[in-house]
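S.K.: First the structure, then my questions, so here it is.
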Amino acid sequence: MVSKILMYGLPSAAVAVGTALLNEDNRNTIFRKGFAFTQNHTPKSFDEHFPRGEWDKNWDFRDPTSLVDKSKWEKADEVGKKKLIEECKATASRNIFLIRHGQYHLDREQKHLTELGREQAELLGKRLANSDIKFTNMTMSTMTRATETANIILKHLPGDLPKSSSSLIEEGPPYPPVPDHKTWRPLDPEFYTEAARIESAFRKLIHRAPPSQKEDSYELIVCHANVIRYFICRALQFPPEGWLRMSLGNCSITWLVIRPKGHVSIRSVGDIGHLTPNKISFT
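Residue numbers (our numbering): 1 to 283.
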């Protein structure tokens, strides 16, 4: 009996299976099930495919809700609160031009500009003068090389341009970089104190326009590469430890724009278009 079953049953079963597989609908069903079994997963949403962080809308603490007089807010009705918010809204943009100083003598205590550094500053001053931009003011670092660069630039700009000096934007280590630099390794206490100073400079100088400012401003800040690179990372809400991954030429222009709602964009980073190839340096 068994032998007969094997003799007639198995071939019959094989024919039946083969017939089923040859049927197109059955074959597709079987293969689909097999594929689903090996590749089964829950479909990802768009945000799961592209994970992103959140933009801090109140990064400078100058959102209208942060500027409202709290005592007036508590006493105001709904109409009054809306009025208070409107009064605290910025309406103008700030254009901030971060200028790196010219080439300087590395082997001197005061680190004055070299002859090339002075030429770079002259060329930069001419470019700014011919830009048709009416600059609003200038802030310069108190370090010698930055002050010399700023004074050369000022020769090409209107004599009544408001100007000031600030020690907050002097050079220094703004944040421990990743990856580490091979040879430049400040001590931990230097990072601890200098990073706080440069962060303080950022908070004081880089923010949206106040509600009282009615027209767009065009402001010059003459300082140093480390400071500028850190400002770029902070303003764009990029990781601050990445500042050393950028390189800025001497007398370069970095153009930062801060919109009324606190949105930030970069128009240029390290622009040295005013320098011919033989005038470019990165010291």
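Virtual Cβ for every residue (Gly too), placed ideally from N, Cα, C.
If you compare alpha carbons, which of Ile228, Leu116, Gly80 is closest to isoleucine 253?
M.R.: The option with the nearest alpha carbon to isoleucine 253 is Ile228.
S.K.: Nearest to glycine 273 by CA position, among Pro43, His181, Ala195, Lys126, is which residue?
M.R.: Selected option, being the one with the closest Cα: Lys126.
S.K.: CA-CA distance, serine 166 and threonine 142?
M.R.: Approximately 6 Å, taken between the alpha carbons.
S.K.: List the endpoints of the continuous beta strand (DSSP E) containing tyrosine 218.
M.R.: It spans 217 to 223 - the beta strand (DSSP E) in which tyrosine 218 sits, taken as one unbroken run.
S.K.: Please name the residue or residues paired with isoleucine 354 in a DSSP beta bridge.
M.R.: For the chain, the structure presents residues 1 to 283; residue 354 sits outside this window and is missing.
S.K.: Would DSSP call threonine 65 helix, strand or coil?
M.R.: Reduced to three states, the DSSP call for threonine 65 is helix.
S.K.: Look at the alpha carbon of leucine 21 and the alpha carbon of valine 178, and state the distance between them as a whole number of angstroms.
M.R.: Legend: pLDDT at leucine 21 = 46, less than 50; position of this residue unreliable, value from coordinates given subsequently. Using only the alpha carbons, I get a separation of about 60 Å.
S.K.: Using beta-carbon positions only, say whether glutamate 115 and isoleucine 152 come within less than 8 Å of one another.
M.R.: Contact flag unset, no.
S.K.: Measure the alpha-carbon distance for phenylalanine 135 versus glutamate 241 and round it to whole angstroms.
M.R.: The alpha-carbon atoms of phenylalanine 135 and glutamate 241 are separated by roughly 32 Å.
S.K.: How long is the line joining the alpha carbons of phenylalanine 191 and serine 200, rounded to whole angstroms?
M.R.: Distance between the alpha carbons of phenylalanine 191 and serine 200: 14 Å.
S.K.: What is the DSSP secondary structure of asparagine 278, counted as helix, strand or coil?
M.R.: It is helical.
S.K.: Classify glycine 117 as helix, strand or coil using the three-state DSSP reduction.
M.R.: It is helical.
S.K.: One question on the structure: do alanine 150 and methionine 140 come within less than 8 Å of each other, judged by their Cβ atoms?
M.R.: Yes, these two residues count as a Cβ contact at 8 Å.
S.K.: Could you check what DSSP says for asparagine 137 in three-state terms: helix, strand or coil?
M.R.: Reduced to three states, the DSSP call for asparagine 137 is strand.
S.K.: Once you ignore the five residues that flank isoleucine 5 on each side, which residues in its own chain have a CB closer than 7 Å to its CB?
M.R.: Note that isoleucine 5 scores 42 on pLDDT, short of 50, meaning its location in the model is unreliable and no value can be drawn from it.
S.K.: Terminal residues of the continuous beta strand (DSSP E) containing aspartate 47?
M.R.: Careful: aspartate 47 lies outside any beta strand (DSSP E), inside the alpha helix (DSSP H) at 46 to 49.
S.K.: Can you have a look at phenylalanine 231 and say buried or exposed, based on whether 16 or more other CB atoms are within 10 angstroms of its CB?
M.R.: Buried, because 16 or more other Cβ atoms sit within 10 Å of the Cβ of phenylalanine 231.
S.K.: So what's lysine 111 in DSSP terms, helix, strand or just coil?
M.R.: DSSP places lysine 111 in coil when its eight states are reduced to three.
S.K.: Would you call the region 91 to 98 in contact with the region 74 to 83, where contact means no fewer than 3 C-beta pairs closer than 8 Å?
M.R.: No, they do not touch.
S.K.: Shorter than 7 Å, the distance from the beta carbon of lysine 279 to the closest heavy atom of the ligand ADP, or not?
M.R.: Annotation note on the ligand ADP: not contained in the displayed structure, which lists no ligands.
S.K.: By the three-class DSSP mapping on this structure, what secondary structure does tryptophan 255 have?
M.R.: Tryptophan 255 falls in the strand class under three-state DSSP.
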